[in-house]
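Everything below concerns the one structure shown next.
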Amino acid sequence: MKSPILTLSLALILSAAPTLASAHAHAEVQDGDGLKNTHQLSTTDAQSQQAQIDHLQVENAYVKATIPGIKVSSGYMKMTNTGESPIRIVAVETSAAKHAEIHRMFMRDSKMAMRKVDSIEIQPKQTFELTPGGFHLMFMGVAQQFKANESISLTLIEEGGSRHSINMPIVKE
Numbered sequence: 421m422k423s424p425i426l427t428l429s430l431a432l433i434l435s436a437a438p439t440l441a442s443a444h445a446h447a448e449v450q451d452g453d454g455l456k457n458t459h460q461l462s463t464t465d466a467q468s469q470q471a472q473i474d475h476l477q478v479e480n481a482y483v484k485a486t487i488p489g490i491k492v493s494s495g496y497m498k499m500t501n502t503g504e505s506p507i508r509i510v511a512v513e514t515s516a517a518k519h520a521e522i523h524r525m526f527m528r529d530s531k532m533a534m535r536k537v538d539s540i541e542i543q544p545k546q547t548f549e550l551t552p553g554g555f556h557l558m559f560m561g562v563a564q565q566f567k568a569n570e571s572i573s574l575t576l577i578e579e580g581g582s583r584h585s586i587n588m589p590i591v592k593e
């Protein structure tokens, strides 16, 4: 997947991405049952455009295109906390769908299952990736067909109320 360029509706800084050395980290995720799970994460080499607001850096964000009549889609991105304090994402908002949530995929009884999570915490200087088959954004009740080469606006909401608005390009996979 090529690295699409993001635009942000809050104060933003666009800069060429530095090469990130491969590293491993841990993130804490609280699911709908109130259970906390620790997941190993990794950063990867990146030479792409990036957008940064405060201490939350978002890269490679995209949404899957839908076919006519389908009212669900998913979104993915790489989020890096460049600050000194943890960032906890507790909600997602968009006018492009009735509901937008953070979900995770997992195996249960040899079958793939999906569950909403209440929050994602990104530790200082660490990266958390929303990827197909893992943690991702889920859009339900899509208002209009998501067409390739268009985009949707999305807001990530932190615990405490900080809001990070981004435009996510729609891609056909």
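Convert by adding 420 to the 1-based position in the sequence shown; the result is the number in the working numbering.
In this text, a Cβ means the ideal position worked out from N, Cα and C, and glycines have one as well.
From a predicted model like this one, the values you see are computed outputs, not experimental measurements.
- For the set V510, T486 and R524, the Cα lying nearest the Cα of G581 is the one of V510.
- As DSSP reads the structure, G495 sits in a beta bridge with V483 and L557.
- For K518, the enclosing beta strand (DSSP E) begins and ends at A517 to R528.
- In terms of Cβ geometry, M588 and G554 do not form a close pair [threshold 8 angstroms].
- Take the alpha-carbon of S571 and the one of I507: they are about 25 angstroms apart.
- In the DSSP annotation of this structure, H475 is not part of any beta strand (DSSP E), being labelled neither H nor E.
- Secondary structure note for N587: its beta strand (DSSP E) is the uninterrupted segment R583 to V591.
- Per DSSP, reduced to three states, the secondary structure at I490 is coil, with no helix or strand assignment.
- Looking at the DSSP output, E578 bridges to I509.
- When C-alpha distances from T500 are compared across A563, P544, L557 and L574, the shortest belongs to P544.
- Within the DSSP secondary-structure output, N501 pairs in a beta bridge with L476.
- Contact between the stretch 479-493 and the stretch 546-564 is established, with three or more Cβ pairs separated by less than 8 angstroms.
- By the beta-carbon neighbour count (other beta carbons within 10 angstroms, threshold 16), T551 is exposed.
- The alpha-carbon of T575 is positioned some 12 angstroms away from that of V478.
- Taking every protein chain shown into account, the CB of A516 has 16 or more other CB atoms within 10 angstroms, so this residue is buried.
- For the pair G503 and I577, the Cα-to-Cα distance works out to about 16 angstroms.
- Note on A520: 16 or more other CB atoms within 10 angstroms of its CB, so buried under the neighbour-count rule.
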